[in-house]
Amino acid sequence: MSLEKLAESELERREKRNLRDRLARSFLRNHPKLIEDPKGDILDAIPEGTTEAAVRSVARHYRRMKLVRDYIRSTDGLAETDKEMG
Numbered sequence: 001m002s003l004e005k006l007a008e009s010e011l012e013r014r015e016k017r018n019l020r021d022r023l024a025r026s027f028l029r030n031h032p033k034l035i036e037d038p039k040g041d042i043l044d045a046i047p048e049g050t051t052e053a054a055v056r057s058v059a060r061h062y063r064r065m066k067l068v069r070d071y072i073r074s075t076d077g078l079a080e081t082d083k084e085m086g
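Listed below in structure tokens is the structure:
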């Protein structure tokens with residue numbers, strides 16, 4: 001396969017993945033409970049163009065980022081308490 005064909009194939013793959021993930025994020029905006037429990041039941045139909053795996057993957061990512069933000073907030077609060085005491 002030529003380099004040009006490989007580049008074209010890669011661009012097409014990225015476009016499909018971006019669309020799939022965009023649809024998954026849109027689905028999660030309407031179903032925020034899945035972010036809290038990515039293994040939970042999906043009661044509504046998943047939009048055409050994305051997959052259950054993509055929805056769960058994005059939900060897991062959002063959940064991890066929420067945990068990281070919560071952790072950072074808690075350590076910032078601890079640091080401020082230490083400054084006040086010290």
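Residue numbers for the sequence shown follow our numbering, so the first one is 1 and each next one is one higher. Where a beta carbon is used, it is the ideal one built from N, C-alpha and C, also for glycine.
For residue j and residue i, the rounded distance between their alpha carbons
i	j	result
Glu36	Leu3	43 angstroms
Ser26	Gly77	33 angstroms
Val55	Ser74	29 angstroms
Lys33	Tyr62	11 angstroms
Leu28	Ala7	31 angstroms
Any C-beta of chain D under 8 angstroms from that of residue i
i	result
Leu11	Of the protein chains in the structure, only one exists, and it is not chain D.
Assigned secondary structure, residue i (DSSP; H/G/I helix, E/B strand, else coil)
i	result
Ala45	coil
Lys39	coil
Thr75	helix
Under 8 angstroms between C-beta atoms of residue i and residue j
i	j	result
Leu23	Gly49	yes
Arg60	Pro38	yes
Residue i - containing alpha helix (DSSP H), residue span
i	result
Ser26	3 to 30
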